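Undergrad:
Numbering (my numbering), first residue to last: 545 to 1049.
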């Protein structure tokens, strides 16, 4: 684990120096991976249930998107604050608080009887997720030593997260088909309770050592308000129009608040986000990569859901099961990503992940037609999923590399904030491209236009994925004696697939 530099600020309550390494790291990792799975699954679980939610609660076509957007705006706006809160007030404490908040909001969502109640529940869920995500990631990064041990832990944590993006659609289809839309919210309550119990049982309690750190309230207020408005603009502008008065006002306020935040941080003795973090080359490159990753890969589940349900007439349950193939492929990719990163370095693993992802997306796009079969899509889904998993694991390893333990939370929050902004930007751009020629069409002609538009959008997604490969070039090649050629790691995968992280300490 990296040691503090001489000019580093005093360590926080959640510092790894103040948290003894737990005896059962395997159980700790299981708890953290399960928490990450909950967040990732919920990202897509509601998509499949949207039609039923809209009908039963009386949403208009324009307002229904806020079941998704309400979560996205709150999640993206509060991530940086969530990361710093974990650093200052204790990572386990924030983890447990976030899970309780998430469970309460999920219960409220399942009991919703009108659109306002549902949107409010989704916004609170988003805040809970924004506290939970950086808490889980920073716990992985502080409890597991930097290097192979942390890489293996991040592969498990990342496998849960990346696969969860696809499993969300599966669970959403199964739950909606068998138990109705409310079940996609109620299911979070017992799952959160299990993780809370596991956190108390296996994760070391937060212990404060050293001077008490101050909380940068002006910075917290400006960055949270600024990021929330920014994500709102990115989510709402495609429907409202980029030149509408409300969007322009929100964009101007977001820019002013974020500029004020930068000034506050440059002058603060104990900033919410130390600007020196940007001097960490690995973290700076990782923030660009998370933006590209979610701006490209993050849009694909949306397109597949529309294609399968609205164009090819799959049921919610069939759509859910259709996501099994990419979910398995992504999980395989996350495990390969850990081994490749350990042997060949971040540069090689990120390049491999994004190039494979681009190639798989081209294969996927070629198979997208209004009357096509699922089997035609499988090769693209597999290749794309493996590439996605490799890149996912490697980018989170990059975001944690060389960051002081007392700042792992805010570093995690920073990288995940850029991923959410990327997701909003990418979805807005690619949906606009896909829907460009669908206006005024109905019936079979509409289905054909949607499929053709998605095919065009997916080809552009594939090209955009190569930007991730370009960003990967920012990482230096490891010395020859510290790495092996990327192809060699495959031969040893089976021999070294021991659950070393899962061994008790």
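Just so you know, even glycine gets a beta-carbon here, dropped at the ideal spot from N, CA and C. Please read all numbers here as calculations on a predicted model, not as lab measurements.
Could you tell me the alpha carbon to alpha carbon distance between residue 587 and residue 632, rounded to whole angstroms?
TA: Here residue 587 is taken as the residue at index 43 of the chain shown, counted from 1. Here residue 632 is taken as the residue at index 88 of the chain shown, counted from 1. One C-alpha to the other measures close to 27 Å.
Undergrad: Could you check the C-alpha separation between residue 819 and residue 809 for me, to the nearest Å?
TA: The residue labelled residue 819 in the question sits at position 275 within the chain shown. The residue labelled residue 809 in the question sits at position 265 within the chain shown. In a straight line, the C-alpha of residue 819 is about 7 Å away from that of residue 809.
Undergrad: Can you look up residue 817 in the DSSP assignment and give me helix, strand or coil?
TA: Taking the first residue of the chain shown as position 1, residue 817 is located at position 273. Coil, per DSSP.
Undergrad: By the three-class DSSP mapping on this structure, what secondary structure does residue 851 have?
TA: To locate residue 851, count along the chain shown from 1; it is residue 307. If DSSP states are grouped into helix, strand and coil, residue 851 belongs with the helices.
Undergrad: Is it the case that the Cβ atoms of residue 629 and residue 835 are separated by a distance below 7 Å?
TA: Counting from one through the chain shown, the residue named residue 629 turns up at place 85. Counting from one through the chain shown, the residue named residue 835 turns up at place 291. Cβ atoms of residue 629 and residue 835: not closer than 7 Å.
Undergrad: With contact counted as at least three CB pairs below 8 Å, one residue from each stretch, are the segment 865-874 and the segment 919-939 in contact?
TA: Result yes; three or more Cβ-Cβ pairs closer than 8 Å.
Undergrad: Let's see if you can read the secondary structure: which residues bound the alpha helix (DSSP H) around residue 826?
TA: As a first step, residue 826 is located in the chain shown; it is residue number 282 there, counting from the start. Where residue 826 is concerned, the enclosing alpha helix (DSSP H) stretches over 825-840.
Undergrad: Do the CB positions of residue 624 and residue 767 come within less than 7 Å of each other?
TA: Here residue 624 is taken as the residue at index 80 of the chain shown, counted from 1. Here residue 767 is taken as the residue at index 223 of the chain shown, counted from 1. A contact, by the Cβ cut-off of 7 Å.
Undergrad: Should residue 1029 go down as buried or exposed, given a rule of 16 or more other Cβ atoms within 10 Å for buried?
TA: Stepping through the chain shown from its first residue, residue 1029 is reached at position 485. Residue placement at residue 1029 is poorly supported in this model, since its pLDDT is 42, which falls under 50; the coordinates still yield a value, given next. That one is exposed.
Undergrad: First and last residue of the alpha helix (DSSP H) that includes residue 1020?
TA: Working through the chain shown from its first residue, we reach residue 1020 at position 476. It is not in any alpha helix (DSSP H) - residue 1020 carries neither H nor E in the DSSP assignment.
Undergrad: Residue 915: buried (16+ other C-beta within 10 angstroms of its C-beta) or exposed?
TA: In the chain shown, counting from the first residue as 1, residue 915 sits at position 371. Answer is exposed; the Cβ neighbour count stays below 16.
Undergrad: What residue range does the alpha helix (DSSP H) around residue 811 cover?
TA: Position 267 of the chain shown holds residue 811. Segment 789-811, the alpha helix (DSSP H) holding residue 811.
Undergrad: In terms of residue numbering, what span does the alpha helix (DSSP H) encompassing residue 611 cover?
TA: Here residue 611 refers to the residue found at position 67 of the chain shown. Element bounds for residue 611: 610-633.
Undergrad: For residue 928, report the span of its alpha helix (DSSP H) as first-last.
TA: As a position in the chain shown, residue 928 is number 384, starting the count at 1. Start and end: 918-944.
Undergrad: Tell me the residue span of the alpha helix (DSSP H) that contains residue 961.
TA: Reading the chain shown from its first residue, position 417 is the one you call residue 961. Residue 961 -> alpha helix (DSSP H) spans 952-978.
Undergrad: In this structure, how does DSSP classify residue 887 when only helix, strand and coil are distinguished?
TA: Taking the first residue of the chain shown as 1, we reach residue 887 at position 343. Of the three classes helix, strand and coil, the one that applies to residue 887 here is helix, per DSSP.
Undergrad: Residue 1025 to residue 888, Cα distance in whole Å?
TA: Walking along the chain shown from the start, residue 1025 turns up at place 481. Walking along the chain shown from the start, residue 888 turns up at place 344. Note that residue 1025 has pLDDT 42, beneath the 50 cutoff, so the model's placement of it is unreliable and no number is given.
Undergrad: For residue 1027 and residue 838, what's the separation of their Cα atoms in angstroms?
TA: The residue labelled residue 1027 in the question sits at position 483 within the chain shown. The residue labelled residue 838 in the question sits at position 294 within the chain shown. A caution first: residue 1027 carries a pLDDT of 43, below 50, which makes its placement in the model unreliable, though a value can still be read off. For residue 1027 and residue 838, the distance between alpha carbons rounds to 28 Å.
Undergrad: Quick one: grab the DSSP three-state call for residue 863.
TA: As a first step, residue 863 must be located in the chain shown, where it is residue number 319. In this structure, residue 863 counts as helix in the three-state DSSP scheme.
Undergrad: Going by beta carbon distance, what residues of the same chain come within less than 6 Å of residue 706, once the five residues before and after it are set aside?
TA: Taking the first residue of the chain shown as position 1, residue 706 is located at position 162. Excluding residues within five positions, the ones whose Cβ falls inside 6 Å are 874, 878, 933 and 936.
Undergrad: How long is the line joining the alpha carbons of residue 651 and residue 715, rounded to whole angstroms?
TA: Here the question's residue 651 lines up with position 107 in the chain shown. Here the question's residue 715 lines up with position 171 in the chain shown. Those two C-alpha atoms are separated by around 17 Å.
Undergrad: Quick check on residue 680: does DSSP put it in helix, strand or coil?
TA: In the chain shown, the residue the question calls residue 680 occupies position 136. DSSP places residue 680 in helix when its eight states are reduced to three.
Undergrad: Starting from residue 732 and walking both ways along the alpha helix (DSSP H), at which residues does that stretch end?
TA: Within the chain shown, numbered from 1, the residue matching residue 732 stands at position 188. First-last of the alpha helix (DSSP H) with residue 732: 732-746.
Undergrad: Pop quiz: residue 960 and residue 678 are said to be a contact at Cβ under 8 Å. What is the actual Cβ separation, rounded to whole angstroms?
TA: As a working mapping, residue 960 is identified with position 416 in the chain shown. As a working mapping, residue 678 is identified with position 134 in the chain shown. About 6 Å; that satisfies the 8 Å criterion.
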